[in-house]
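Notes to accompany the following structure.
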Amino acid sequence: MKTFIFGTLVEHKPGVLQKVSNMFRQRNFNIESITVGPTERGDIARMTITMKGEEEDAVQLEKQLRKLIDVLEVKLLDPSETVVRELALVKVRVEDWRARSDLVNWANIFRSRIVDVSPDSIMIEITGAPSKIDAFLELMKRFELLEVSRTGITAMERGLNRIGLK
Amino acid sequence: MLELSGSRALVEALEREGVSVIFGLPGGAIMPVYDALLDSGIRHILARHEQSAAHMADGYARASGRAGVCMATSGPGSTNLVTGIANAYMDSSPVVAFTGQVPRAMIGRDAFQEADIIGITAPITKYNYQVRSASEIPSIVKKAFLIATSGRPGPVLVDLPKDVQTEVAQMEFPDTVEVRGFSPPSDPDPELLKRAAELLAGADAPFILAGGGVRISNAHLELLRLAELLMAPVGTTLMGKGCIREDHPLSVGVIGMHGSPLANTLIVKADVLLAVGTRFADRTTCDVKEFCKEAEIIHIDIDPAEIGKNKRVRLGIVGDARKALARLTEELAKRLKGERPAHWYERIKQVKAKLQNEGNDGLSAPRLLKRLRKLLPDDAIVTTEVGQNQMWASLHFKAYGPRNFITSGGLGTMGFGFPAAIGAKVARPEVPVVDIAGDGSFQMTMNSLATSVSERIPVVVVILNNRMLGMVAQWQRLFFRGRYSAVEINPPDFAKIAEAYGAQGIRAESMEEFERAVKAALASDVTTVIDVPINPEEDVFPMVPPGCKLEDMIGV
Ligand SMILES: Cc1ncc(C[n+]2csc(CCOP(=O)(O)OP(=O)(O)O)c2C)c(N)n1
């Protein structure tokens, strides 16, 4: 199984996410992650969808996505030519000051940021490739992980390539 | 610009689309539209159940090639449409459905007769819209018809909140609209067509499989020209039945689970298979992995997502069937010189002659259907219900035109045939329309008798009455050791039911009575139900058992 990333442009209006995600379920594909946000154009949103599967599934999925009338453009992104990022907020319980300084050190090494501190807990914001976030979370298991919130990935091709409306 | 209420704008927009008939049933949330309809030239046909209204629109669409329109109120009215819409979706039929909805301010509050019909129908429509303001109506209606009828057709639903129907706004009726995420299909790739022509020209045993897409794109003449040039046998899918006249020497019938022995035998021997406008449905291919495993397959379809979806093919060509077949024929003509070998040709003729024979085994279904064929004019339209009746019709009733055999192929909806027949008769009033029915299926929508009689839309229903849910009973006989479970249905007296509705009811207990009944029905201007008792335990053969290959046909 391989991971495939689809960059899509969709109509920015209610119900479109449901139509897209429902199509996956209906066609028996499994979504790994799906993220949506507005683009530079107010009436168009961008969805980044990742799935695990075989080449054939990806080809079929691309066609099914394209068939949805609210989907304006679809591009299967080449991983080697694409910047892939995810953001996570991680909250851990740390009361002991020594543990706290370890945690701050590691957070620095991962180039993450501490965004909230309370007497018993610290919240860290980390962005990067999903594998980096996985690694960071692995490390955080030494503390008591209270909450993790990951956004799922967003992606963009390097250079002048882009997903544009034809 | 015109100042109009939403409902008047809707009616105006429908008239501009050339809509002359709507099948529907009113209710609170769609009353402004029904009021506006009174002042229009559009005929409204009152169904007795919204499912039937949708099937009527579907039958109308398939018989005419134009969009069929149905209408219902909110909540239960709209949910009753669901089966009909799903049916149209599975068979790529252009149905446009309008539903009432609770007023905008009530949406999402579980108001009286509220149903989230947009959410419910998302997976069974090509597209759906909820109208947010009256001024959108003209362009949304235009988009709805464009989407429903172009490319691969399919149903579109437009949901109209009640206060949008009464809201008055400045209306602009556009002549054309653009739907951003929807582009017309591209022309078939000339390079691929050349390669296809080469494959076909070099074939020893080519076979053409025509699907519903051939009918939809009106490509039957192009199909015929190609077949005659290539001298290749043409089989169809159930949806493609009639795309080549079934009495044409090259026609071998329908392939599939209940395909004709000739078609199934020939297709598995093909070395090059040209499949046009078909999605390689499981009832067509049976075990899809094994299906024509050794053949080079060329697949032409308007929907790119169909290429490689169910079956891997050698050449996938995206485009309109008519254009593609015409150009393929040109390419092929350049390559084919001289006579085509026709060694199998004699064999086709022999097997056909054997099958043609009506036989003499009482009121058997095959015999009845062959007789029915003789009694009907060539251009008659036949619809079917679902079950044995459908498969017998597919096997034994020859269709002579691409829009003359209308059946629920994808969803397999019992109760489709009778309302679809009514819709087809509205589209083509000049030809006889006959529903070939089972006693179980007919009971699902026989309340449409009321519509048929009161709207003076005379059709003929032939019930092959085996007093069973026959196809289920057949499977229980074959695959459940003959243990009958919930298949004996003790049907009512159909002739009396027909009469109670003001239709003509005839029970025919011999071939002579059947013949007389059909003649009486054709001469009559009222709907006629002909109830024919047949052997309750007769199987449809041949059959490919579930999970098997086409080659494993039994009962030949
Ligand atoms: C709405 C619906 N419910 C159930 C089925 C499952 N089903 C398929 S064939 C069949 C029996 C049909 O019986 P009948 O209409 O009497 O036709 P016959 O097979 O006897 O010709 C059934 C129940 C179906 N296709 N559609």
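Protein sequence lines correspond, in order, to chains F and P.
In case it helps, our numbering puts the first sequence at residues 5 to 170.
In case it helps, our numbering puts the second sequence at residues 6 to 561.
Heads up, the beta-carbon is just placed ideally off N, CA and C, and yes, glycines get one too.
Quantities reported herein were computed from a predicted structural model and do not represent experimental measurements.
What are the boundary residues of the alpha helix (DSSP H) that includes residue i?
i, result
"Lys-430 (chain P)", "422 to 432"
"Phe-28 (chain F)", "20 to 30"
"Ser-138 (chain P)", "No alpha helix (DSSP H) holds Ser-138 (chain P); DSSP gives it neither H nor E."
"Pro-81 (chain P)", "81 to 95"
"Ala-331 (chain P)", "326 to 340"
Do the CB positions of residue i and residue j come within less than 7 Å of each other?
i, j, result
"Asn-269 (chain P)", "Val-293 (chain P)", "no"
"Pro-538 (chain P)", "Asn-470 (chain P)", "yes"
"Ala-41 (chain P)", "Val-16 (chain P)", "yes"
"Ser-10 (chain P)", "Val-173 (chain P)", "yes"
"Glu-36 (chain F)", "Lys-56 (chain F)", "yes"
"Asp-440 (chain P)", "Val-466 (chain P)", "yes"
"Thr-289 (chain P)", "Thr-241 (chain P)", "no"
"Leu-197 (chain P)", "Ile-322 (chain P)", "yes"
"Lys-4 (chain P)", "His-401 (chain P)", "Residue 4 (chain P) is absent from the structure shown; chain P starts at 6 and stops at 561."
"Val-78 (chain F)", "Thr-12 (chain F)", "yes"
"Glu-460 (chain P)", "Ile-50 (chain P)", "yes"
"Glu-514 (chain P)", "Gly-443 (chain P)", "no"
"Leu-320 (chain P)", "Ile-307 (chain P)", "no"
"Thr-39 (chain F)", "Thr-158 (chain F)", "yes"
"Glu-99 (chain F)", "Asp-124 (chain F)", "yes"
"Arg-340 (chain P)", "Ala-206 (chain P)", "yes"
For residue i, report the span of its beta strand (DSSP E) as first-last.
i, result
"Gln-106 (chain P)", "100 to 106"
"Leu-30 (chain P)", "26 to 30"
"Gln-135 (chain P)", "132 to 135"
"Phe-212 (chain P)", "211 to 215"
"Val-466 (chain P)", "465 to 470"
"Leu-320 (chain P)", "320 to 323"
Can you look up residue i in the DSSP assignment and give me helix, strand or coil?
i, result
"Leu-228 (chain P)", "helix"
"Arg-97 (chain F)", "strand"
"Asn-394 (chain P)", "helix"
"Ile-125 (chain P)", "helix"
"Ala-525 (chain P)", "helix"
"Val-146 (chain P)", "helix"
"Met-160 (chain F)", "strand"
"Leu-454 (chain P)", "helix"
"Arg-154 (chain F)", "strand"
"Ser-459 (chain P)", "helix"
"Phe-117 (chain P)", "coil"
"Thr-532 (chain P)", "coil"
"Pro-371 (chain P)", "helix"
"Glu-22 (chain P)", "coil"
"Val-16 (chain P)", "helix"
"Val-235 (chain P)", "Here the sequence assigns Leu to residue 235 (chain P), which means Val is not the residue at that position. Leu-235 (chain P): helix per DSSP, three-state reduction."
"Thr-241 (chain P)", "strand"
"Pro-538 (chain P)", "strand"
"Phe-519 (chain P)", "helix"
"Ser-446 (chain P)", "helix"
"Glu-8 (chain P)", "strand"
"Met-111 (chain P)", "helix"
"Ser-399 (chain P)", "helix"
"Glu-148 (chain F)", "strand"
"Arg-512 (chain P)", "strand"
"Ser-256 (chain P)", "strand"
Would you please verify whether the beta carbon of residue i is less than 7 Å from any beta carbon of chain A?
i, result
"Arg-185 (chain P)", "The structure shown has no chain A; the protein chains it does contain are F and P."
Is the number of C-beta pairs between the region 109 to 117 of chain P and the region 85 to 100 of chain P that are closer than 8 Å three or more? No, they do not touch.
Are the region 73 to 84 of chain P and the region 481 to 494 of chain P in contact at 8 Å, needing three or more beta carbon pairs? They do not touch, by the three-pair rule.
Stretch pair the region 407 to 419 of chain P + the region 487 to 496 of chain P: three plus CB contacts closer than 8 Å: Using a C-beta cut-off of 8 Å, the region 407 to 419 of chain P makes no contact with the region 487 to 496 of chain P, since fewer than three inter-stretch Cβ pairs fall below that distance.
Stretch-stretch touch, CB-based, cutoff 8 Å, three pairs: the region 101 to 110 of chain F with the region 59 to 75 of chain F: As far as the Cβ criterion goes, the region 101 to 110 of chain F does not touch the region 59 to 75 of chain F, which means the pair count is below three.
With contact counted as at least three CB pairs below 8 Å, one residue from each stretch, are the region 282 to 291 of chain P and the region 209 to 222 of chain P in contact? The region 282 to 291 of chain P, when compared against the region 209 to 222 of chain P, does touch it at the 8 Å Cβ threshold.
Jot down the residue ranges of each uninterrupted alpha helix (DSSP H) in the region 474 to 502 of chain P, minimum 4 residues, whole runs only, in chain order. Whole alpha helix (DSSP H) segments, 4+ residues: 475 to 484.
Could you tell me which uninterrupted alpha helix (DSSP H) segments, each at least 4 residues in length, are contained entirely in the region 5 to 89 of chain F, listed from first to last along the chain? For the region 5 to 89 of chain F, whole alpha helix (DSSP H) runs of length 4 or above, ordered along the chain, are 20 to 30, 59 to 71.
Give a yes or no on contact between the region 116 to 128 of chain P and the region 146 to 166 of chain P, applying the rule of three or more CB pairs nearer than 8 Å. Flag = yes, the region 116 to 128 of chain P and the region 146 to 166 of chain P touch.
Please give the ranges of any beta strand (DSSP E) in the region 259 to 307 of chain P, keeping only runs that are unbroken, at least 3 residues long and fully inside the region. Here the runs fully enclosed are 277 to 281, 301 to 306.
Start-end ranges of the alpha helix (DSSP H) lying completely within the region 165 to 210 of chain P, minimum 4 residues: Those alpha helix (DSSP H) runs which fall completely within the region 165 to 210 of chain P and span 4+ residues are 167 to 171, 195 to 206.
Of all the beta strand (DSSP E) runs that stay within the bounds of the region 109 to 139 of chain F, which reach a length of 3 or more residues? With a minimum length of 3 residues, the continuous beta strand (DSSP E) runs that stay inside the region 109 to 139 of chain F are 117 to 121, 125 to 132.
Okay, do the region 180 to 191 of chain P and the region 148 to 163 of chain P touch, 3+ Cβ pairs below 8 Å being the bar? Enough Cβ pairs lie closer than 8 Å, so yes.
Quick check on the DSSP output: what are the complete alpha helix (DSSP H) runs of length 4 or more inside the region 48 to 75 of chain P, in order along the chain? Within the region 48 to 75 of chain P, the complete alpha helix (DSSP H) runs of at least 4 residues are 55 to 69.
Three CB pairs or more closer than 8 Å across the region 521 to 540 of chain P and the region 248 to 268 of chain P: Contact annotation: the region 521 to 540 of chain P does not touch the region 248 to 268 of chain P, with fewer than three C-beta pairs closer than 8 Å.
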